[in-house]
Every structure is written in C-alpha cells, then in structure tokens.
Amino acid sequence: MMKTNLLETSSAEWLAVLQRCRHDSHHMPGWLRASQHEGGGKPFAVHVTDGSHELLLPLLNRDINGKDWDASSPYGFAGPVVSDDAPPSFVDEAMTAAMALLREQGCVSCFIRLNPIVNAQWRSSVGTLIEHGLTISIDLSKSEAEHWRDTSHGHRLEISKAMRAGVTVRMDETLATLPHFIRLYNASMDRLRASDYYFFDDAYHYSLARELGDRLRLFVAEEDGVIIGGATVTVSGEGGILQGHLMGIDARYRHRQPSKILLHAIRQWGREQGHRYYHLGGGLGGSAEDSLFRFKRGFSPDTHAFSTQRVVVDADKYQALCGGAPEVLEDLSGFFPGYRK
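Read in order, the letters of the sequence shown are residues 4 to 344 in the numbering used here.
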C-alpha cells in the first residue's frame, strides 16, 4: 500500500530521503527555498513510499487565480528522486499516488523538469514525457590528459593563450567577490539580451549562498588582480555531481576568453575532488545547434537527454482554465500549462 505525504522544506524526512537515494544539489530544500525570491512559489515535496521503495518529488506551489494552484519544478533540474532498486512498476504507482494527493489539495497541473543525470533511465506513463534536446557533461573520472584531448582545438588555444597572459582562476571560499560576480552576471545577460527567465535579483544570490553553504562554489578568473569573469557551481557530494549554475564575464576582457579558462579550472577542481560529473547544461531552449551548445560541446563529447514530464492533475479545471475546448487535453507537447501562455 502506498503512503503519501506532503513535506515542507523544514522536514527532517526530506533530508533523510536524500541520504537514502541518489540525488543532486537541485533536490536540496535550500535550493527550492532560494527559488522563492524569484516569485517561483512556495516550495514543498511529495513523498511516496510502499515501505520498500520511495519517491520524492520537489516542487513549487504556484498560485493561478487566487483559488487554484499548480505545481512546477524550480529552476534547474530537480526531477523525481527514486530508490535505486525501485522497479518500473513502482514508479508509475508512486506517480499515480503523488498526483492523486496533489489533486486532493486542489492542484491543477504539474510540470516536472527531469534531471538529465539522475533521471537518465526515467520512464513513467503518468502524464506526457517530452524530450527537448541534449545537455553536456564532463566525465570527471577521466584523467587530465583525457580531458585535454576532449577539449576542442580552438578551446585549447584560447585556454593556453589566457594562461600565458597570466590569467588565473581561484575558488573564492568566503564569497567575498559575490557582489562583483552578480554585477558581471547581470551585465552579461544584458549584453546577450537574455529573457527575464535568466535574471535574478540580489536576494536570490545571497539566499542561495546562505541556503547551500559549501554546496555552492564561486570561481573567479583574474588578470593582474582584476576579476575578469566568474562562475558558480553547485556540489552534490553524495551524487558526485557538479552543476554549472551561472557565469558572467567582464566585456573588456572578452579577448581573454575567461569563460573557457573558468570551465577548464572547475573541471580540474572537480576531478581532483573526486566528483563524477560536471554538468554544463545545454543550449538555449534545448538547441544542439546554437553557439552556447557548441561552446559546451567543445569541452566534452558526453551528452544526456533533457526531458520534461507534464501531468494534467485535474482535467476539468485545466480545461476550464484553458478556455473550455476539450482539445487542450489531447496534446501537451506545446507550452505547458496552456493557461499560463
């Protein structure tokens, strides 16, 4: 018999489940609490167990109209966490039970961003699974020589050139340079004319640092004592996963290609620390053709599928919110949930 519970981020059981199951930093309660600063909604998790296996689904409760609400994964890759030895039948039964509990609580729909590494073998018939494209990761079990061979010729030239010019990278353990990094990141997003999705207020950055502690690492690239770029990564010691989070560079030093030497240095640090993966993410919108994807592919040949799971939890409410046409329930491959277009 399935037992279902809703867990708050303060719940000791949330952390206990993560200790028992393979997970990523994006599954941590603190990651979801920080998401509140971006208007992401109230964080919670659904926990399902049959006594032998368990599933944990971290989500954000988002208001729709003051009466109804829906659930969504936070920014990043916080897909379901499942017991390693759970059979496929358990996944479907647990997801069915989880959605039933959400419906009882008034939830209309559930949008889940699957983790490309943790959920690599994920299969569930509950809802609709949509594959969006590929992400890149670096296998940190490889040697330094293997990593250098995996690096594209152009990236190797730029990294070597920056090193000869005296560019160095260090980890800022005290986060004293965080305000400077925030300015660099925001300026980089402005130059790229990024959508609002990629902008975060200062409160988010400081909240994330406070919530994650030493699970958040800030690396800065410097030339002659001047910070020319920075990058944040999150660390999952138990899962062995480094997640590339945000990066910003000083436009005056673009000729030094600080982004390349930063990734090179973080890769080296992750390898030396004994981590398993350095996940770089993918291209914009999952594209494998844009410059961002090609930039990341220049560091590693290893790819993962990125997918989302879309579930209509309450069909009647969903249909009504989308305008009443029954067709909205037939194809969930477009923008989801449809009433938030």
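Just so it is clear, CB atoms sit at the ideal spot from N, CA and C, and this is done for glycine as well.
Quantities reported herein were computed from a predicted structural model and do not represent experimental measurements.
Sheet register partners of residue 226 (DSSP bridge): Paired residue(s): 229.
Cβ of residue 252 within 8 angstroms of Cβ of residue 231? The answer is yes: Cβ separation under 8 angstroms.
Pull up the distance between the alpha-carbon of residue 162 and that of residue 302, whole angstroms please. Those two C-alpha atoms are separated by around 11 angstroms.
Quick check on residue 202: buried or exposed, where buried means 16 or more other Cβ atoms within 10 Å of its Cβ? By the 16-neighbour rule on beta-carbons within 10 angstroms, residue 202 is exposed.
Output the distance between the C-alpha atoms of residue 28 and residue 340, rounded to the nearest integer angstrom. The alpha-carbon of residue 28 is positioned some 26 angstroms away from that of residue 340.
Going along the chain, which residues of its own chain have a beta-carbon closer than 7 angstroms to the beta-carbon of residue 314, five neighbours each way excluded? The answer, listed in chain order, is 102, 112, 113, 129 and 130.
Please report the straight-line C-alpha distance between residue 3 and residue 17, rounded to a whole angstrom. This structure cannot speak to residue 3, because the chain is shown only from 4 to 344.
Determine the direct distance from the alpha carbon of residue 141 to that of residue 174, and round the result to whole angstroms. Going from the Cα of residue 174 to the Cα of residue 141 covers about 19 angstroms.
Confirm, please, whether the CB-CB distance from residue 74 to residue 62 is below 8 angstroms. Between residue 62 and residue 74, the gap from beta carbon to beta carbon is short of 8 angstroms.
Spell out a yes or no on whether the region 105-124 and the region 258-267 are touching, meaning 3 or more CB-CB pairs, one atom from each, closer than 8 angstroms. Short answer: they don't touch.
Quick one: Cα of residue 2 to Cα of residue 168, how far? As shown, the chain starts at 4 and ends at 344. That puts residue 2 outside it, with no answer to give.
Which full runs of the beta strand (DSSP E) of 3+ residues lie inside the region 15-74, going along the chain? Along the length of the region 15-74, whole beta strand (DSSP E) runs at least 3 residues long occupy 45-52 and 57-66, reported in chain order.
In angstroms with no decimal places, state the Cα-to-Cα distance between residue 233 and residue 107. Between residue 233 and residue 107, the C-alpha separation is close to 45 angstroms.
Do residue 104 and residue 9 have their CB atoms nearer than 8 angstroms? Yes, the pair counts as a contact, with Cβ atoms nearer than the cut-off.
With a CB to CB cut of under 7 angstroms and the five nearest residues on each side skipped, what residues in its chain are close to residue 219? Closer than 7 angstroms at the Cβ level, and outside the excluded window around residue 219, lie 211, 212, 235 and 237.
Rank 96, 164, 282 and 39 by C-alpha distance to the C-alpha of residue 260 and give the top, closest one. Ranked by how close their Cα comes to the Cα of residue 260, the residues 96, 164, 282 and 39 have 164 in first place.
Residues bridged to residue 235 by DSSP? Paired residues: 221.
Euclidean distance between Cα positions of residue 157 and residue 240: If you draw a straight line from the Cα of residue 157 to the Cα of residue 240, it is about 32 angstroms long.
So the beta strand (DSSP E) residue 10 belongs to, where does it begin and stop? 6-10 is the span of the beta strand (DSSP E), which, as asked, contains residue 10.
Taking all protein chains shown into account, decide if residue 195 is buried (16 or more other Cβ within 10 angstroms of its Cβ) or exposed. Exposed is the call here.
With a Cβ-Cβ cutoff of 8 angstroms, do residue 143 and residue 281 count as a contact? In this structure, the beta-carbon distance from residue 143 to residue 281 falls below 8 angstroms.
Rounding to the nearest angstrom, what Cα-Cα distance links residue 284 and residue 330 in this structure? In a straight line, the C-alpha of residue 284 is about 33 angstroms away from that of residue 330.
Taking Cβ positions, are residue 49 and residue 82 nearer each other than 8 angstroms? No, Cβ-Cβ distance for residue 49 and residue 82 is not below 8 angstroms.
Taking the alpha helix (DSSP H) that residue 120 belongs to, which residues open and close that run? In the DSSP annotation of this structure, residue 120 is not part of any alpha helix (DSSP H), being labelled neither H nor E.
Determine the direct distance from the alpha carbon of residue 298 to that of residue 249, and round the result to whole angstroms. Here the alpha carbons of residue 298 and residue 249 stand approximately 15 angstroms from one another.
Start and end residues, alpha helix (DSSP H) containing residue 163: Looking at the DSSP string, the run of the alpha helix (DSSP H) that includes residue 163 is 156-167.
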